[in-house]
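Numbering (our numbering), first residue to last: -8 to 276.
By construction, the Cβ of each residue, glycine as well, lies at the ideal position given by its N, Cα and C atoms.
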């Protein structure tokens, strides 16, 4: 079995993932991008021909249950279609019935798709000013690994995070491996995409939000740091941590003290731990 990761869909300017790849093609030409009414603009990573690929049971099932998610196409095996019916989930488009191997040809043999592959529009990016009064948001400072970001999205959904703020550049698009790792979390935690992170943090602060950066050199453990809503937790990339300007813009820096022999965590694990601590602190306050 190949040890190559599942192929990611192409970025803006590429042809839609279901077209011209060889193997099966869902019937009908790709839908044109939706211009939509209301809400924020489409995120910068959504180009004219760029779509999001969602695969796997939880990822696609949660998307089907999200009225804000626009489906373009859906490929499903007979078993998957039967399971959707048993769960009372009605896809917004008619699925094309395929064999599991047909989806393998599109995603690669290592993608755990469970008989479901959807081509959808990216969800819209909420305005930053709308998040300033949220109880809890996450801010990601150039975390680029889609597995890590997906796992962070999943934890964010579990802890009731209102949104994830990040830059359109130096961040993975909400598709493919990221969506699969998020296990449906994308439908509950929108990405707020900004051009300049330091300016975005300043805007949140100006609107009354406490901005706490997680940094290994923070003056105190996050458990000993006073946390209050509205709260933004800021995480940096593994190895590099927070960038200098990001650290300087935060109201407070805090570290995560660990009692064991290993003194560092994967960034997605650190996010889950910090969110748990933050939720407990906000409940007490």
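| Check | Outcome |
| --- | --- |
| Residue environment, residue 171, which counts as buried when at least 16 other CB atoms sit within 10 Å | buried |
| Classification of residue 111 by the beta-carbon crowding that lies within 10 angstroms, buried from 16 upward | buried |
| Helix, strand or coil at residue 248 [DSSP, three-state] | coil |
| Distance CB(residue 307)-CB(residue 146) smaller than 8 Å | Residue coverage of the chain in this structure runs from -8 to 276, which leaves residue 307 outside it and unanswerable. |
| Nonlocal neighbours in the same chain, by C-beta distance under 6 Å from residue 196, ignoring five residues either side | 202 |
| Cβ distance (whole Å) where residue 155 is taken to contact residue 131 below 8 Å | 6 Å |
| Inter-residue Cα distance where the pair is residue 212 and residue 274 | 18 Å |
| Cut-off 8 Å between Cβ atoms - residues of its own chain near residue 276, not counting five sequence neighbours on either side | 218, 219, 220 |
| Contacts around residue 65, its chain only, beta-carbon distance under 6 Å, and the 5 residues preceding and following it disregarded | 82, 84, 86, 109 |
| Residue 241 - partner residues in DSSP beta bridges | For residue 241, which the question treats as bridged, DSSP gives no partner whatsoever. |
| Residue 184 beta carbon less than 8 Å from that of residue 223 | no |
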